[in-house]
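Here the sequence shown is numbered in the working numbering, starting from 206 and rising by one per residue. Just so you know, even glycine gets a beta-carbon here, dropped at the ideal spot from N, CA and C. Predicted, not measured: the structure shown is a model, and the values here were computed from it.
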Amino acid sequence: MDKRYIYADNAATTKVSDSVLKAMMPYFQDNFANPSGLYSPATSAARAVRQARADIAKCLNAEPGEVFFTSCGTEADNWAIKSAVELTGKKRIITSKLEHHAVLKTCEYLQTKGFEITYLPCPENGIIEPEELKKAIGNDVAVVSIMLANNEIGTIQKVSEMAKICHEYGVLIHTDAVQAVGNIPVDFKALGVDMLSLSGHKIHAPKGIGALIVRKGINLPSFIHGGKQEVGKRAGTENVPYIMGLRQAILDATTDTEKRSEYVLSLRERLIDGLLKIEMTRLNGDRDNRLPGNANISFYGIEGESLALLLDMKGICVSSGSACTTGDTEPSHVLKAIGLSDEWAKGALRITLSEENTIEDVDYIVEMITEIVAKLRASSTLWKKTAL
Ligand SMILES: *Cc1c(COP(=O)(O)O)cnc(C)c1O
206 MDKRYIYADN
216 AATTKVSDSV
226 LKAMMPYFQD
236 NFANPSGLYS
246 PATSAARAVR
256 QARADIAKCL
266 NAEPGEVFFT
276 SCGTEADNWA
286 IKSAVELTGK
296 KRIITSKLEH
306 HAVLKTCEYL
316 QTKGFEITYL
326 PCPENGIIEP
336 EELKKAIGND
346 VAVVSIMLAN
356 NEIGTIQKVS
366 EMAKICHEYG
376 VLIHTDAVQA
386 VGNIPVDFKA
396 LGVDMLSLSG
406 HKIHAPKGIG
416 ALIVRKGINL
426 PSFIHGGKQE
436 VGKRAGTENV
446 PYIMGLRQAI
456 LDATTDTEKR
466 SEYVLSLRER
476 LIDGLLKIEM
486 TRLNGDRDNR
496 LPGNANISFY
506 GIEGESLALL
516 LDMKGICVSS
526 GSACTTGDTE
536 PSHVLKAIGL
546 SDEWAKGALR
556 ITLSEENTIE
566 DVDYIVEMIT
576 EIVAKLRASS
586 TLWKKTAL
């Protein structure tokens, strides 16, 4: 990307880091062998995949046999939910309206196949009370799917408390931890979930690699049928370079997480404080229990999309609402779920910082947003109506 850009859309994707790129390179040409082969380059590729599985497991406090590689976070979410309903034979799924489309659309699809979906209510701070799960759960539930950290408003859910409730009822629980891994400590055993999704490209690995962590003893049905890869549950020749990239990204992301988070959090606080100085502006999602790099702010009377497009002209990459809804005129489903009116939801901007951002970046972003918001409001009929 052009050097003059300030990239502040890290919840959409991240740049592949130097260490990840370096870890991947040998497996494109020097050792491109299929890990299933019998010759030594093949056994060396198989060894690399084995090592990656073991190292990723260790970083997340899971066991190597619990790690299954997938093509992305979306695939991991699909697999977890579709296989859980198949495994249990039960007809109800509990989730929330805050989930990523990878979970929501999977549930909507299953609804067309006769499954019942229960959505847990969510208060304005974006954090679901485990008490709500207690009220909704029953022996008829196949799986509960609640994300660990939200991709739009960054709020962190009380997943370990929810896992305890699920286990009292013998119900499986899945968590989408795509945004959480690398940003907050993620301990698979301590969380107590049965399944956990993650993705490479949100943590400086390439797009097109992810994993589903499945608790030992759960015999999840196969998702892709074919060869013996991933013990036959997810067939297809292993993407060795990307698996090695994911390994490196997770090693990097789980080293010094706290130190990095502290720095990113200080930038976020400076950004939020700066933006909330603009009148008729609100922070979406809990101020404290959110990802260190996430600021989601609504500016009343304007459209977040126009703001994002004008910021692009100033060399700033951010997102309106959520990247997945760019081009949509519908306000974000997450902002609606926490009770925002259409007017407030439409004025939302998501800025997601990483350790590559600086104080100068933040100050420039605040300055440009302040300027552009004033300009947009000057020509906004909604703003004029409010002012009267
Ligand atoms: C990005 C994202 C996904 C999808 O991951 P892909 O690897 O892009 O398929 C799923 N859930 C959340 C919370 C995400 O942020």
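In this structure, the beta-carbon distance from Gly498 to Val571 does not fall below 8 Å. Ranking Gly544, Gly526 and Arg297 by CA distance to the CA of Phe504 puts Gly526 first. With fewer than 16 other CB atoms across the displayed protein chains lying within 10 angstroms of its CB, Tyr244 is exposed. For the region 354–416, the full-length alpha helix (DSSP H) segments reaching 4 residues or more read 364–373 and 393–396 along the chain.
Of the residues Ala395, Ile429 and Asn215, the one whose Cα lies closest to the Cα of Ala440 is Ile429. Arg258 counts as buried, since at least 16 other C-beta atoms from the protein chains shown sit within 10 angstroms of its C-beta. By the beta-carbon neighbour count (other beta carbons within 10 angstroms, threshold 16), Asp493 is exposed.
At least one heavy atom of ligand 1 falls within 7 Å of the beta-carbon of Ser404. Non-local C-beta neighbours of Leu476 in its own chain, meaning closer than 6 Å and more than five positions away in sequence, comprise Ala500 and Val567, ordered along the chain. Fewer than three pairs of CB atoms, one per stretch, sit closer than 8 Å, so the region 254–268 makes no contact with the region 280–295.
Taking the Cβ atoms as the reference, Cys277 lies roughly 6 Å from Gly413, within the contact range of under 8 Å. Assigned with DSSP and collapsed to three states, Ile574 falls in helix. 8 Å or more divides the Cβ of Val419 from the Cβ of Tyr232.
Taking the Cβ atoms as the reference, Leu303 lies roughly 13 Å from Met367, outside the contact range of under 8 Å.
Bridge partners of Thr486 according to DSSP: Phe504. Under the Cβ criterion (8 Å, minimum of three pairs), the region 355–371 does not count as touching the region 228–242. If you look at Arg452, you'll find it in the alpha helix (DSSP H) that goes Val445 to Ala458.
By the 16-neighbour rule on beta-carbons within 10 angstroms, Val386 is buried.
Taking Leu515 as reference, the option from Glu576, Leu325 and Val272 with the minimal CA-CA separation is Glu576. Cβ-Cβ distances below 7 Å link Glu280 to Gly415 in the same chain, with the five nearest sequence neighbours on each side left out; the list follows chain order. Contact between the region 480–489 and the region 457–464 is absent, with fewer than three C-beta pairs closer than 8 Å. Assignment of Ala213 by DSSP, reduced to helix, strand and coil, places it in the coil class.
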